[in-house]
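*Asks:* Please read through the structure below; I'll follow up with questions.
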Amino acid sequence: MELRTLGNTDIRVSPVALGCWPIAGMTSPGANDEDSLATIRACFELGINHLDTAFMYGRAGESERLIARALGPRRHEMVIATKGGLHWGPDGNMAHDGSPETLRRECEESLGRLQTDRVDLLYLHAPDANVPIAESAGALKRLMDEGKTRAVGVSNFSVAQLEAFAAECPLAAFQPPYNMLRRQIEADTLPWCREHGVAVLVYWPLLKGLLAGKLGRDHVFAETDSRRKYTMFHGEHWQKNLDLIDKLRVIAEAAGHTVAELVINWTINQPGVTSTLCGAKRPDQIRETAAGTGWQLSKDQMTQIDRALAERGTPDAEAPV
Ligand SMILES: NC(=O)c1ccc[n+]([C@@H]2O[C@H](COP(=O)([O-])OP(=O)(O)OC[C@H]3O[C@@H](n4cnc5c(N)ncnc54)[C@H](OP(=O)(O)O)[C@@H]3O)[C@@H](O)[C@H]2O)c1
Numbered sequence: 019m020e021l022r023t024l025g026n027t028d029i030r031v032s033p034v035a036l037g038c039w040p041i042a043g044m045t046s047p048g049a050n051d052e053d054s055l056a057t058i059r060a061c062f063e064l065g066i067n068h069l070d071t072a073f074m075y076g077r078a079g080e081s082e083r084l085i086a087r088a089l090g091p092r093r094h095e096m097v098i099a100t101k102g103g104l105h106w107g108p109d110g111n112m113a114h115d116g117s118p119e120t121l122r123r124e125c126e127e128s129l130g131r132l133q134t135d136r137v138d139l140l141y142l143h144a145p146d147a148n149v150p151i152a153e154s155a156g157a158l159k160r161l162m163d164e165g166k167t168r169a170v171g172v173s174n175f176s177v178a179q180l181e182a183f184a185a186e187c188p189l190a191a192f193q194p195p196y197n198m199l200r201r202q203i204e205a206d207t208l209p210w211c212r213e214h215g216v217a218v219l220v221y222w223p224l225l226k227g228l229l230a231g232k233l234g235r236d237h238v239f240a241e242t243d244s245r246r247k248y249t250m251f252h253g254e255h256w257q258k259n260l261d262l263i264d265k266l267r268v269i270a271e272a273a274g275h276t277v278a279e280l281v282i283n284w285t286i287n288q289p290g291v292t293s294t295l296c297g298a299k300r301p302d303q304i305r306e307t308a309a310g311t312g313w314q315l316s317k318d319q320m321t322q323i324d325r326a327l328a329e330r331g332t333p334d335a336e337a338p339v
């Protein structure tokens, strides 16, 4: 697989990366250690060299622990990104803490779970309204200066927040949500990153599986499936989204590809997108998304996709956040 440069660093990442949230098992029904280890190890044979995880992926960092188990002595072959600044509070809900002390402690814990001296990329998972961005940025810069990470990134930021952060710490990467149905970044943060040489690694490229094209109209989401809570998996929105998938399937099949392959190919070829963080809990899933690379949609196919997206219309604010 081709490799792309991560912002103004000498780090190179594949345009399809493995998103390691599903293997944490918190919202993916049926995830198990055996499949998770096999999914991570499949990256070697597929040419995927980038793994995306976080301190809070799993109640006790299960995602980071599984990565360490899967890689063993081959850790140096992977560009590992983790994130700090979000954790599970005592009430079981997600909580923000971007204070310098917490970012340092979480980084140390992540390094321990990953069984490595340094990660390649350390993100602030999300801005903390109670901590000035300059303080969080300063803390991450110190961790980079100490060699605990090779580069620093941020996630879920606005342009103003990106600017405030970059004023205090060299910013290599930005991680926003982005896919065919959720394109807000094209208006502001994506152009800002292009102008400032910041890599953009997008999450939810498959919209939590919707754009993988495998879910039928009569699909019933399990009690533990996080997709239940999003309106885009229900009622009229669900039917409109599946109408779109039907149209994408016709274009994909004519091109000799699956819907997931087409969607990933479209996404990695959007100007300014460096890599797509593709979640998977089984090897066959990451194999299929990896097959979205190494070929090019024609101009005509891109036009047909644009038409199908225009007919779908822009979803309201119902996309998962
Ligand atoms: N920075 C942030 O705040 C943030 C937030 C969210 C995610 N992320 C990162 O982005 C990554 C991607 O997000 P995500 O994992 O939530 O969603 P995603 O990549 O949009 O979708 C992943 C889900 O799609 C399904 N899937 C994947 N490949 C498939 C295939 N070939 N065929 C059928 N189904 C397939 C699987 O679900 P099922 O098998 O259950 O159907 C999988 O769990 C995460 O893993 C994480 O690393 C970051």
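The numbering used here puts the first residue of the sequence shown at 19, with every later residue one more than the last. Glycine is no exception: its CB is placed at the ideal position from the N, C-alpha and C atoms. As the structure is a computational prediction, the values presented were derived from the model and not from experiment.
(1) Enumerate in chain order the residues of its own chain whose CB-to-CB distance from TRP39 is below 6 Å, with the five nearest sequence positions on each side excluded.
(2) Cutting at 8 Å between CB atoms, please list the residues of its own chain near GLY215, excluding the five before and the five after it.
(3) Cβ of CYS211 versus every heavy atom of ligand 1: is any distance shorter than 7 Å?
(4) Output yes or no for whether 8 Å exceeds the beta carbon distance between GLN303 and ILE269.
(5) Under 7 Å: does the beta carbon of TRP284 sit that close to some heavy atom of ligand 1?
(6) Just to confirm, does SER46 get its C-beta within under 7 Å of one of the non-hydrogen atoms of ligand 1?
(7) List the residues that DSSP assigns as beta-bridge partners of LYS101.
(8) Can you give, in chain order, each stretch of the beta strand (DSSP E) that sits fully within the segment 287–330 and has at least 3 residues?
(9) Which one of LEU129, MET96, GLY90 has the shortest CA to CA distance from GLY102?
(10) Taking Cβ to Cβ, would you say ALA144 is nearer than 8 Å to SER173?
(11) Whole angstroms is fine: what's the gap from VAL339's alpha carbon to THR167's?
(12) Buried or exposed: where does GLN257 fall if 16 or more other Cβ atoms within 10 Å of its Cβ makes it buried?
(13) Look at the alpha carbon of LEU64 and the alpha carbon of GLY290, and state the distance between them as a whole number of angstroms.
(14) Just curious, the alpha helix (DSSP H) that HIS214 is in, first and last residue?
*Replies:* For this structure:
(1) TYR75, GLY297
(2) GLY25, ASN26
(3) no
(4) no
(5) no
(6) yes
(7) TYR141
(8) 293–297
(9) LEU129
(10) yes
(11) In this predicted model, VAL339 has a pLDDT of only 36, less than 50, meaning its place in the structure is not dependable; the value taken from the coordinates is given anyway. Approximately 27 Å, taken between the alpha carbons.
(12) exposed
(13) 23 Å
(14) 207–214
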